[in-house]
Structures are given as structure tokens and as C-alpha cells.
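Participant: Residue numbers (the numbering used here): 10 to 217. Below: one structure in C-alpha cells.
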């Protein structure tokens, strides 16, 4: 029994543990690099205009090596759109949970989404153009997550405007997303802070 205990101790070698952690972190970093390169290339050339080899080259690996992280180009696209939809839903829910009242929650949601739109223009362009390139199952997942995100906004608007129908509030929310998500197509002449302020003011005014 004592011999077994010594063996178990040797198996928990700190150097081996550090090596495993390092490999895990490196794999996660390569995955993030691939997602970033894919979003950029899909935004510039469209999903069908980019090959696995293009994506591998963009991050310094061979095309076949990409398959160690994603089983297909379509899986890469799914990861981009599903991950960002989950991040929006989670981030929006946290904003609503921290806000003490409807108006402050709405302002915080606007600020949260404008920051997203300004820092993820490639993802917005990919969503607009290439959502239909996903499998039906992945399209359903993205749309379900995004519907839940919209309903966060509608719930706050209902608290502020209880006399207005839910259908009208939902239309206002979707229209405001269109305004905020215009960042890939407009605003390139303005500095970041000025563009952010313009979008936040316009979005909040539209919702009010």
C-alpha cells in the first residue's frame, strides 16, 4: 500500500501537470486564432470564398492541421456564430441582473451592445451574409439564442412601456439592433468614442 502511494505521488509530478496545462492553453489559443482568422476571411470574401488551407495559412499551420480543432469549415462558422450568440445572451442577462430599474437596464443594454458592435464588425458581416451556410440544426441554435437575447430587451421595454403591445416593442428592438449593427458598413470616418456616443444616443432615443 505504501509503495502504491509513492507511485501515485510520482504520477502527480508538477512538471507533467504544467506541461498538460501548457498544451491545453496552447490549443485554446490556436482555436481562438482560427476563429478570429475565419471571421475576418469570411467577412472579406464570404464563406464559400475561403478554403481550409486559407485559414490554416492565416494562423501559421497547414490546412489539415485545422481539422485537429474543427471537423470542417462549416463547424468553424458554427462556432463563430453560436459562440457570439451565447456571449450576447449571457452578457445581456448579466446587465439586466445588475440594473436596479428599467431605464438604467436599457441604457446598460444599449452600451453593452454598442461595444459588441464596434468590436465585432467581422462577426456581424458574417452573420448577415453566411448564416444560411450553417446546418439546419446550427441555424436553429443561433436563432433560438438570439430570440432569447431579443426577449431580454423586450422584457425591459415592457417594464418601461406597459401600455405598448409586445409586438410593437419587439419591432422596436429589432430595428434598434439594425441601427447598432450598422458598424461594418458605416462610421469609419469617426473616432471610436465619437461613433460609440452617436450610436448609443440614437439607439436609446429610438427605444424610448
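Glycine is no exception: its CB is placed at the ideal position from the N, C-alpha and C atoms. All of these numbers come straight from a predicted model, not from anything done at the bench.
(1) Residue 85 to residue 66, Cα distance in whole Å?
(2) Quick one: Cα of residue 148 to Cα of residue 120, how far?
(3) DSSP on residue 130, reduced to helix/strand/coil?
(4) Please state whether DSSP places residue 84 in a helix, a strand or coil.
(5) Quick one, which of 134, 70, 132 and 122 has its alpha-carbon nearest residue 182's?
(6) To the nearest angstrom, report how far apart residue 192 and residue 108 are at their CA atoms.
(7) Is DSSP giving residue 185 helix, strand or coil here?
(8) Identify the continuous alpha helix (DSSP H) that holds residue 66 and give its terminal residues.
(9) Could you tell me whether the Cβ atoms of residue 265 and residue 115 are closer together than 8 Å?
(10) So what does DSSP say about residue 76, is it helix, strand or coil?
Facilitator: For this structure:
(1) 15 Å
(2) 27 Å
(3) helix
(4) helix
(5) 122
(6) 26 Å
(7) helix
(8) 61-67
(9) This structure cannot speak to residue 265, because the chain is shown only from 10 to 217.
(10) coil
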